[in-house]
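Mapping to numbering that gives the first Met the number 0: the sequence shown position 144 is 143, numbers consecutive. Everything below concerns the one structure shown next.
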Amino acid sequence: MNISISCQIVPCVLTASETYDYSAGLVARLAAAHVGFQHWWSMLAKPTDTRIAFDDRARMTAWIQAGKDAFQLEYPSAPISLSGGVLLTNVTSEAEWLARGRVSLAINPGPGKVRLEICRIEEVFPSPTELLWASLRALAHDSRVNFVNTNVQQGWGRERKLYSLHCGAFPHREFLGWMGYVSRRLTADQIPEAARMEHAGEGTLIMATENLDLFDASAVEQANRVEIRLAELGLLPVTDSRLL
Numbered sequence: 000m001n002i003s004i005s006c007q008i009v010p011c012v013l014t015a016s017e018t019y020d021y022s023a024g025l026v027a028r029l030a031a032a033h034v035g036f037q038h039w040w041s042m043l044a045k046p047t048d049t050r051i052a053f054d055d056r057a058r059m060t061a062w063i064q065a066g067k068d069a070f071q072l073e074y075p076s077a078p079i080s081l082s083g084g085v086l087l088t089n090v091t092s093e094a095e096w097l098a099r100g101r102v103s104l105a106i107n108p109g110p111g112k113v114r115l116e117i118c119r120i121e122e123v124f125p126s127p128t129e130l131l132w133a134s135l136r137a138l139a140h141d142s143r144v145n146f147v148n149t150n151v152q153q154g155w156g157r158e159r160k161l162y163s164l165h166c167g168a169f170p171h172r173e174f175l176g177w178m179g180y181v182s183r184r185l186t187a188d189q190i191p192e193a194a195r196m197e198h199a200g201e202g203t204l205i206m207a208t209e210n211l212d213l214f215d216a217s218a219v220e221q222a223n224r225v226e227i228r229l230a231e232l233g234l235l236p237v238t239d240s241r242l243l
């Protein structure tokens with residue numbers, strides 16, 4: 000099972016130094032959420048690159064600036080907001096990366112996106128649900144975040160499913176998936192189908208089901224019911240108005 004927690008944040012064009020500071024706060028919260036997230040390094044773009052420890056502020060800031068410069072050189076007509084992101088991983092070798100779930104953390108303040116990806120989560124981590132809930136809490140603890148969802152990719156034999164593509168409740172709205180965050184404080188009676196809810200800042204963390212198995216019709220149905228409730232509350236953004 001592969002997992003991605005995706006955050007929509009208020010887009011903001013930051014300098015390389017400001018991008019580092021924003022990322023440092025996020026990394027610190029993830030480090031507190033799980034021991035496996037305490038240390039991060041730059042993701043290699045090619046084998047000849049040298050990994051940079053995130054804690055090395057000077058080198059990491061220079062790396063961010065170099066990425067901004069390279070992007071603007073290659074795409075001179077593209078908006079500056081699309082450049083300046085950070086792509087990190089929690090290991091220092093290819094073998095370790097594969098063994099520990101190919102974890103990646105992409106932070107892109109310009110377009111307003113943050114994504115944590117973990118592959119083979121049930122094989123690598125003993126308590127996937129608790130890991131994701133703690134990670135969700137860490138990522139959503141940010142005043143710039145306005146929506147978070149958790150996508151699931153799963154296989155059974157030769158069949159493959161992706162929650163957002165094959166199992167979501169709506170073809171024209173965002174999905175919550177396994178768990179996520181909405182920027183409104185909700186009560187349990189507003190979404191009685193949710194397995195867990197927790198207030199976070201001005202919003203609410205929501206877990207649709209304790210265990211989301213895409214090949215378990217009842218688990219998918221429960222996740223769908225949560226999404227339907229959110230849509231009724233106006234908290235599931237429309238992605239394709241042509242289907243309204």
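Where a beta carbon is used, it is the ideal one built from N, C-alpha and C, also for glycine.
> Hey, would you say L204 sits closer than 7 Å to L115, going by beta carbons?
Replying inline: Locating residue 204 in the sequence shown gives position 205, counting from the first residue. Locating residue 115 in the sequence shown gives position 116, counting from the first residue. Cβ atoms of L204 and L115: not closer than 7 Å.
> In chain order, what residues of the same chain lie with their CB nearer than 8 Å to the CB of N210, ignoring the 5 residues before and after it?
Replying inline: Taking the sequence shown and counting its residues from 1, one reaches residue 210 at position 211. A distance below 8 Å between beta-carbons, with the five flanking residues on each side excluded, links N210 to the following residues of its chain, in chain order: T128, A218.
> Taking C-alpha atoms, which residue in E173, H198, F169, R119 lies nearest to S182?
Replying inline: In the sequence shown, the residue the question calls residue 182 occupies position 183. For the options E173, H198, F169, R119, the alpha carbon positioned closest to that of S182 is the one of H198.
>> Our contact map puts L175 next to A207 with C-beta atoms below 8 Å; I'd like the distance itself, whole angstroms only.
In response: Here residue 175 corresponds to residue number 176 of the sequence shown, with the count starting at 1. Here residue 207 corresponds to residue number 208 of the sequence shown, with the count starting at 1. By a beta-carbon distance limit of 8 Å, L175 contacts A207. Their separation comes to about 6 Å.
>> Measuring straight from C-alpha to C-alpha, what distance separates G167 and P10?
In response: As a working note, residue 167 is residue 168 in the sequence shown. As a working note, residue 10 is residue 11 in the sequence shown. In a straight line, the C-alpha of G167 is about 26 Å away from that of P10.
> In whole angstroms, what is the alpha-carbon distance linking Q221 and E73?
Replying inline: The sequence position of residue 221 within the sequence shown is 222, counting from 1. The sequence position of residue 73 within the sequence shown is 74, counting from 1. When rounded, the separation of the alpha-carbon atoms in Q221 and E73 is 46 Å.
> So, helix, strand or coil for A31, using DSSP?
Replying inline: Reading the sequence shown from its first residue, position 32 is the one you call residue 31. When secondary structure is reduced to three states using DSSP, A31 falls in the helix class.
> Quick one: what's H198 bridged to in DSSP?
Replying inline: Residue mapping note: residue 198 aligns to position 199 of the sequence shown, counting from 1. DSSP output for H198 lists T203 as bridge partner(s).
> Nearest CA to the CA of H165: which residue from D215, P191, Q7?
Replying inline: One-based indexing of the sequence shown puts residue 165 at position 166. Residue D215 is the option with its Cα nearest to H165.
> F36 and L29: beta carbons closer than 7 Å?
Replying inline: Position 37 of the sequence shown, counted from the start, is the residue given in the question as residue 36. Position 30 of the sequence shown, counted from the start, is the residue given in the question as residue 29. Contact flag set, yes.
>> I need the straight-line Cα distance from M178 to A57, nearest angstrom please.
In response: Numbered from its first residue, the sequence shown carries residue 178 at position 179. Numbered from its first residue, the sequence shown carries residue 57 at position 58. Whole-angstrom Cα-Cα distance: 36 Å.
> For N1, which of L213, A65, V85 has the nearest alpha-carbon?
Replying inline: In the sequence shown, residue 1 corresponds to position 2, counting from 1. Considering only alpha carbons, the answer is L213.
> Taking all protein chains shown into account, do 16 or more other C-beta atoms lie within 10 angstroms of the C-beta of W40, making it buried, or fewer, making it exposed?
Replying inline: Here the question's residue 40 lines up with position 41 in the sequence shown. Per the 10 Å Cβ criterion, buried.
> What are the complete alpha helix (DSSP H) segments, minimum 4 residues, inside the segment 46-79?
Replying inline: Whole alpha helix (DSSP H) segments, 4+ residues: 56-73.
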